[in-house]
Amino acid sequence: MKVNILGGGPAGLYCGLLLKKANPAHDITVIERNPPDATYGWGVVFSERTLWEIQEADASTARAIIDRFVLWDTIDIHYRGQVVHYGGQIFAGLARRTLLDVLQRRCADVGVAMRFRSEITDLAAVSDADVIIAADGVNSVARNTHAHRFGPQLSAGRARYIWYGTTQWLGAFTFIFKENADGLFQAHAYPFDGATGTFIIECAEDVWQRAGLDQADEAESLAYCERLFTDELAGRRLLSNNSRWINFATLRCARWHHRNIVLLGDAAHTAHFSIGSGTKLAMEDAIVLADALSRHRDIESAFNAFEAARRPAVDAFQHAAAASRTYFENVKRYLHFEPTQFAFHLLTRSGRVSYESLRLRDPSFGNTVDRWFHRAAAGSSPIAAPAPFLAPLELRAMQVPNRVVLTGSPSDEATDGVPAAAYLRRLAHRAATGPALIMTDPVAVSAEGRITPGYAGCYDAAHAGAWAHLVATIHGESGTRIALHLNHAGARGATRPGREGLDRPLSDGRWPLLAASATPYATRGQVPRAMDQSDMDRVRAAFAEAARLAADAGIDMLALHAGGGYLLGSFISPLTNHREDAYGGSPAGRLRFPLAVLDAVRATWPEDRPIGVSLTVDDCVPGGISPEDAADAARALHQHGADIIHVLAGHTVAGAHPAYGRGFLTALSDVIRNEARVPTMVGGFLVTSDEVNTVLAAGRADLCIMDPPEADRTDDPDSEREARR
Amino acid sequence: MTATIATERMRIGVGLPSGVPGASGRLVIEWAVKADGGPFASVACIDRLVYDAFEPLTTLAAAAAVTRRVMLAGLVITAPMRNTAMLAKAAASVDTLSGGRLVLGLAIGARHEDYDVAGIDHHDRGKRFSQQLAELRDWWEHPKIGPKPPRPGGPPVLVGGLSDEAYARAARYADGYVHGGGPPRAFARAADRARAAWIDAGRPGRPRLWGQGHFALGDTATADAGAGYLRDYYAFTGPFAERIAAGHLTTPQAIVQFVRGYEEAGCDELVLFPTVADLAQLERLADVLG
């Protein structure tokens, strides 16, 4: 087999080497535009796992590079003049130049031909091969030639960054956060040989411009950065190698192969440098592609197998890298964190590392986090501090012993708004498992505010009696508190039972609906009436009356539903509010009625009991509410007496929803909590205590709604279905 | 990320050989008869137009006539290629003929060619699929259209697919989610998404979760023949075909582990499809499952 490899970087050389080793009869040529000793880039980083894979694939390469590795197992985070250490994760750094030397030598040993100083601008020049491996980087000529086949998508990051080297001896992987008059800069630095380190500096676009770096030449930039990091560099130098300020471009391709051409490494995918994975992914690609080509009879199957094996791993890294990139682009949001929390948040930014995995690697860091969290929560810092989810929380006079919230499995078995005994039993049963808080299903503030005829309400004495009974049961057994989730269904009212699917209008017995504007929720839904002033007065009074009944029933906390496409939520989103009066238009106008309702409830509800507001913070549709809009709304709600924001996403309009998975609302809660500086409560399918502890310790929320699998097991859909027949 | 929920008992179904090229009508019927004798909870059919495969609802109607016990599952039927009213009527007919044993797995289908050959536009098929799901139960309740499905709410509907939309559709309109196949880890991730979507939508109860696998039990030649079929059947998916072929179950041990993995991930019903059209396959699978 004749193979032409475009690009003599780590991916191309390594793949050539492995192919030739597997079958010396292959005729392999690596074509590189630069001379063999060109030096681009400083160091590369590998994790333990990658080292092991390199060891497996070619022991000689592994031996040659392992001797030259700088190993470290600490991450240092410089922040607010302190340094937080986190240890236990082994990394290996190596000069890119050294890696290339080793690979070039190994290629020469096994007989891979290498053509340097050979720029390929036309694929025809290399088409005399059975297989063309495009390892020619993010600007791949081969990929660009067949762009419509490979379907590349490039998205540029918002931050500016520059690659420098440094003569400072770094003892660890180092993050430095540094503010000056121009703004916030961060450095990502790590050693790669005995004397030199990589030193990447990153800042926001506006900071970059304020600092005049957009106008600065190479020497001026270098001087500015050396001045900025004087303390951390301890007088040593930064090194420029034609270094320029750029935006990081993330590359994704719909396909990695076309005919006999296959993309490898940066030509196929890039992942933000902050998780240090570019060379690692490229080397792993090379191992898998070489293996696939030697196992499969035909090229198409080999390429398919390569793509099938590598896509999931690459997708996972790109996902983590995107989260990491977003973190660094928004890191200003977290400058109010104390160093321990700041470090924990940074270390868990990509979603790959959790509370337990940090503890496992560095138990002492874990203890620091527990003790810090407990002190922040309870004012004391006991030597035997429990995990964050066992820290108490105070909302007004309500004190809860932990951070876990449970809900009941939704029910529409109520009769005329009186919650079904079976539903109340389920809630009490869950309360007995010891959560901080039990939150009910949406409870209607009026008969017309019910989602289905079977939804519970809180609008007459019988309802209040049922809730009072629940309160007595739960308070009698545990310290668990009860939050009543007050709602008016708005345009989503008068629908059929949820087990038959959502938002199907009732065929019999439907009632007229109210909403901000006269738009049906689902395409086949009932058209609501746009509320006039008297409707608004009535609904506001209904919320206040429900609050009074709930207070008398002994309910501990109210949650007002202002999301999910229900009545209050329909005012907030521009997708559902088309009003031209004072209750529409601007964000303030759209928030006016929900705030008026909150004011009325706050006035009725006891001063010392908390109120939460359920807010859709991302409509998941272009033109809808964004997390940034929602942060403003959250701030306003907080000023009007909302003690905590319950974070939701999607469902403002039918069919719009977030991307589902474990913890799918966590990132949104993080934005609201730390942008608006209000406490948040978040669900989003948190299943394990590890997930909850990670959310809490990182300051992404203050209360977590858990969906433990045990709860899931109690009701079998088939037996329920049978029971209905 | 694997969920570790031990369900009380996962049911196991078996695919009819109606999607394996060359299978005779007689074999498909005999297979259904034998499967009805146990230990299988269901028999299932795939749906592909441009392939040597039987039409699923027609096949399930035939199976309905020769079985008394097993559930009859379409896994999965490409809904947007069918007129909604006609699909609803066909499903109601099979459901009624079988005394309420139909399980209707529906999806968009990954194959453009099927749409092109049928002369059906595939550009807005996602939107049309949502519309179909919203309408299905209305057709079953339509005062002038029969037969009326024997069960209230009609046959259970499962939605398939791996897009974010698929999980949301399952949560919004259906009774559950059917995964397209892969190792237990892949199922567990998909099941998590389906559960997350279900809870987020505020649906009562929990979603039914179905999984699928492929098997060929016997000598190496049998395994190779089965793998060849999978590559051919999934050829249009490129890399995915290799992943499916890699998950081909060819030993009793592999089947036992696969079943166990799915059970631990909270699967309600796992359907194993044959990749070789030979009645001996059904017997061997029954042996392994005991």
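Going down the list, the protein sequences come from chains E and U. Residues are numbered in the working numbering as their position in the first sequence, beginning at 1, plus a constant of 1345. Residues are numbered in the working numbering as their position in the second sequence, beginning at 1, plus a constant of 160. All residues carry an ideal CB built from backbone N, CA and C; glycine is no exception. Nothing here was measured: the structure is a model prediction, and the numbers come from that model.
Opening and closing residue of the beta strand (DSSP E) in which residue i lies
i	result
Glu1317 (chain E)	Because chain E is modelled from 1346 through 2070, residue 1317 (chain E) falls outside the range shown and cannot be assessed.
Val1471 (chain E)	Neither: Val1471 (chain E) is in no beta strand (DSSP E) and is coded neither H nor E.
Lys1625 (chain E)	Here Lys1625 (chain E) belongs to no beta strand (DSSP E); instead the alpha helix (DSSP H) covers 1623 to 1640.
Asp1786 (chain E)	1782 to 1789
Met231 (chain U)	231 to 238
Met2051 (chain E)	2048 to 2051
Ile2071 (chain E)	Residue coverage of chain E in this structure runs from 1346 to 2070, which leaves residue 2071 (chain E) outside it and unanswerable.
Ser202 (chain U)	202 to 205
Leu1608 (chain E)	1606 to 1608
Val338 (chain U)	336 to 338
For residue i, the residue or residues it bridges with in DSSP
i	result
Leu432 (chain U)	U:Val174, U:Gly373
Gln1498 (chain E)	E:Arg1597
Val1389 (chain E)	E:Leu1439
Ser1959 (chain E)	E:His1906, E:His1991
Pro1536 (chain E)	E:Gly1542
His1923 (chain E)	Per DSSP, none; premise fails for His1923 (chain E).
Thr2025 (chain E)	E:Ile1990
Asp1372 (chain E)	E:Lys1347
Glu1524 (chain E)	E:Leu1529
Asn1592 (chain E)	E:Arg1505
Start and end residues, alpha helix (DSSP H) containing residue i
i	result
Tyr393 (chain U)	380 to 393
Leu445 (chain U)	439 to 449
Pro1289 (chain E)	Only positions 1346 to 2070 of chain E appear in the structure, and residue 1289 (chain E) is not among them; the question remains open.
Leu1703 (chain E)	1700 to 1706
Lys1365 (chain E)	1355 to 1367
Gly185 (chain U)	185 to 196
Tyr1672 (chain E)	1644 to 1674
Tyr211 (chain U)	Taken as a continuous stretch (DSSP letters only), Tyr211 (chain U) belongs to no alpha helix (DSSP H), as it is neither H nor E.
Glu1577 (chain E)	1575 to 1578
Check: residue i C-beta below 8 angstroms from any heavy atom of the ligand GTP
i	result
Asp1848 (chain E)	This structure lacks the ligand GTP; in fact it carries no ligand of any kind.
Suppose only complete runs of 3+ residues qualify. What are the beta strand (DSSP E) ranges in the segment 252 to 319 of chain U, listed by chain order?
262 to 267, all fully within the segment 252 to 319 of chain U.
Taking only runs that begin and end inside the segment 1806 to 1858 of chain E, name each unbroken beta strand (DSSP E) of 3 or more residues, in chain order.
Along the segment 1806 to 1858 of chain E, the beta strand (DSSP E) occurs as fully enclosed runs of 3 or more residues at 1826 to 1832, listed in sequence order.
Counting only Cβ-Cβ distances shorter than 7 angstroms, please list the residues of the segment 276 to 296 of chain U near chain E, keeping chain order.
Under the 7 angstroms Cβ criterion, the segment 276 to 296 of chain U contributes Ser290, Ala294.
For the segment 1405 to 1474 of chain E, list the alpha helix (DSSP H) runs that are entirely contained and at least 4 residues long, ordered along the chain.
Restricting attention to alpha helix (DSSP H) runs no shorter than 4 residues, the segment 1405 to 1474 of chain E encloses them at 1441 to 1455, ordered along the chain.
Under 8 angstroms, CB to CB, which of the residues in the segment 356 to 371 of chain U have a partner in chain E?
Result list: Ala356, Ala357, Ile359, Asp360, Ala361, Gly362, Arg363, Pro364, Gly365, Arg366, Pro367, Arg368.
Specify whether the segment 1917 to 1926 of chain E and the segment 1837 to 1846 of chain E touch according to this definition: at least 3 beta carbon pairs, one from each stretch, less than 8 angstroms apart.
The segment 1917 to 1926 of chain E, when compared against the segment 1837 to 1846 of chain E, does not touch it at the 8 angstroms Cβ threshold.
Would you call the segment 1848 to 1863 of chain E and the segment 1764 to 1777 of chain E touching, i.e. three or more CB-CB distances under 8 angstroms?
Using a C-beta cut-off of 8 angstroms, the segment 1848 to 1863 of chain E makes no contact with the segment 1764 to 1777 of chain E, since fewer than three inter-stretch Cβ pairs fall below that distance.
Residues of the segment 1908 to 1922 of chain E whose Cβ lies closer than 7 angstroms to any Cβ of chain U, in chain order:
Taking 7 angstroms as the cut-off between beta carbons, none of the residues of the segment 1908 to 1922 of chain E comes near chain U.
Which ranges would you report for the alpha helix (DSSP H) in the segment 1690 to 1777 of chain E if only whole runs of at least 4 residues count?
Listed in chain order, the complete alpha helix (DSSP H) runs (minimum 4 residues) inside the segment 1690 to 1777 of chain E are 1700 to 1706, 1708 to 1723, 1766 to 1776.
Is the segment 214 to 234 of chain U close to the segment 184 to 201 of chain U, with three or more CB pairs under 8 angstroms?
The segment 214 to 234 of chain U, when compared against the segment 184 to 201 of chain U, does touch it at the 8 angstroms Cβ threshold.
Beta carbons nearer than 7 angstroms to chain U: which residues of the segment 1990 to 2022 of chain E have them?
Cβ contacts with chain U: Gly2000, His2002, Ala2004, Tyr2005, Gly2006, Arg2007, Phe2009.
Taking one C-beta from the segment 1427 to 1440 of chain E and one from the segment 1457 to 1469 of chain E each time, how about it: are there three or more such pairs within less than 8 angstroms?
These segments do not touch.
On the three-pair Cβ rule with 8 angstroms, is the segment 1353 to 1368 of chain E touching the segment 1447 to 1457 of chain E?
In short, these stretches touch, since the Cβ pair count reaches three.
Count the CB pairs spanning the segment 1550 to 1562 of chain E and the segment 1576 to 1588 of chain E that are closer than 8 angstroms, and state whether there are at least three.
Proximity of the segment 1550 to 1562 of chain E to the segment 1576 to 1588 of chain E falls short of the contact definition, fewer than three beta-carbon pairs being nearer than 8 angstroms.
Name, going along the chain, the residues of the segment 321 to 334 of chain U whose beta-carbon falls closer than 9 angstroms to a beta-carbon of chain E.
The residues in question are Asp324, Glu325, Tyr327, Ala328, Arg329, Ala331, Arg332, Tyr333, Ala334.
Could you please tell me which residues of the segment 1748 to 1781 of chain E, in chain order, have their CB closer than 9 angstroms to any CB of chain U?
Cβ contacts with chain U come from Thr1752, Ser1754, Pro1755, Ser1756, Asp1757, Glu1758.
Near-chain E residues of the segment 384 to 405 of chain U - C-beta to any C-beta below 7 angstroms
Listed in sequence order: Gly398, Pro399, Phe400, Ala401, Glu402, Arg403.
Is it true that the segment 2006 to 2016 of chain E meets the segment 1974 to 1992 of chain E, where meeting means three or more beta-carbon pairs spaced less than 8 angstroms apart?
Yes: at least three Cβ pairs fall under 8 angstroms.
Got a sec: which bits of the segment 170 to 197 of chain U sit with their beta carbon under 7 angstroms from any beta carbon on chain E, in order along the chain?
For the segment 170 to 197 of chain U, the set of residues with a beta-carbon nearer than 7 angstroms to any beta-carbon of chain E is empty.
At least 3 beta-carbon pairs within less than 8 angstroms: the segment 279 to 296 of chain U vs the segment 255 to 263 of chain U:
In the pairwise beta carbon analysis, the segment 279 to 296 of chain U is classified as not touching the segment 255 to 263 of chain U: fewer than three pairs are separated by under 8 angstroms.
Three or more C-beta pairs below 8 angstroms linking the segment 1582 to 1590 of chain E and the segment 1473 to 1483 of chain E
No, the segment 1582 to 1590 of chain E does not touch the segment 1473 to 1483 of chain E.
Contact set between the segment 214 to 245 of chain U and chain E, restricted to residues whose Cβ is under 7 angstroms from the partner:
The residues in question: there are none.
Using a Cβ distance threshold of 8 angstroms, determine whether the segment 1667 to 1682 of chain E contacts the segment 1624 to 1640 of chain E, with at least three qualifying pairs required.
The segment 1667 to 1682 of chain E makes no contact with the segment 1624 to 1640 of chain E; the number of CB pairs closer than 8 angstroms stays below 3.
With 7 angstroms as the limit, tell me which residues of the segment 1658 to 1671 of chain E have their beta carbon closer than that to any beta carbon of chain U; keep them in chain order.
Here the close residues number zero.
Residues of the segment 340 to 354 of chain U in Cβ contact with chain E at a cutoff of 7 angstroms, in chain order, please.
Cβ contacts with chain E come from Asp352, Arg353.
Given 8 angstroms, three or more beta-carbon pairs between the segment 337 to 353 of chain U and the segment 366 to 376 of chain U:
Output reads yes: the segment 366 to 376 of chain U touches the segment 337 to 353 of chain U.
Taking one C-beta from the segment 2017 to 2035 of chain E and one from the segment 1717 to 1725 of chain E each time, how about it: are there three or more such pairs within less than 8 angstroms?
Because the criterion of three Cβ pairs below 8 angstroms is not met, the segment 2017 to 2035 of chain E and the segment 1717 to 1725 of chain E do not touch.
Counting Cβ pairs, one atom from each stretch, are 3 or more of them under 8 angstroms apart for the segment 167 to 176 of chain U and the segment 199 to 213 of chain U?
Between the segment 167 to 176 of chain U and the segment 199 to 213 of chain U, the count of C-beta pairs closer than 8 angstroms reaches three or more; the two stretches touch.
Residues of the segment 1688 to 1704 of chain E in Cβ contact with chain U at a cutoff of 7 angstroms, in chain order, please.
So nothing in the stretch comes that close.
Listed in chain order, which residues of the segment 1628 to 1646 of chain E have Cβ atoms closer than 8 angstroms to some Cβ of chain U?
Taking a C-beta cut-off of 8 angstroms against chain U, the contacting residues of the segment 1628 to 1646 of chain E are Ser1646, listed in chain order.
Are at least three pairs of beta-carbons, each pair with one atom in the segment 1949 to 1962 of chain E and one in the segment 1739 to 1749 of chain E, less than 8 angstroms apart?
By the C-beta criterion, the segment 1949 to 1962 of chain E is judged to be in contact with the segment 1739 to 1749 of chain E, since at least 3 inter-stretch pairs fall below 8 angstroms.
Residues in the segment 250 to 275 of chain U having any Cβ partner in chain E nearer than 8 angstroms
If the cut-off is 8 angstroms between Cβ atoms, the segment 250 to 275 of chain U has nothing near chain E.
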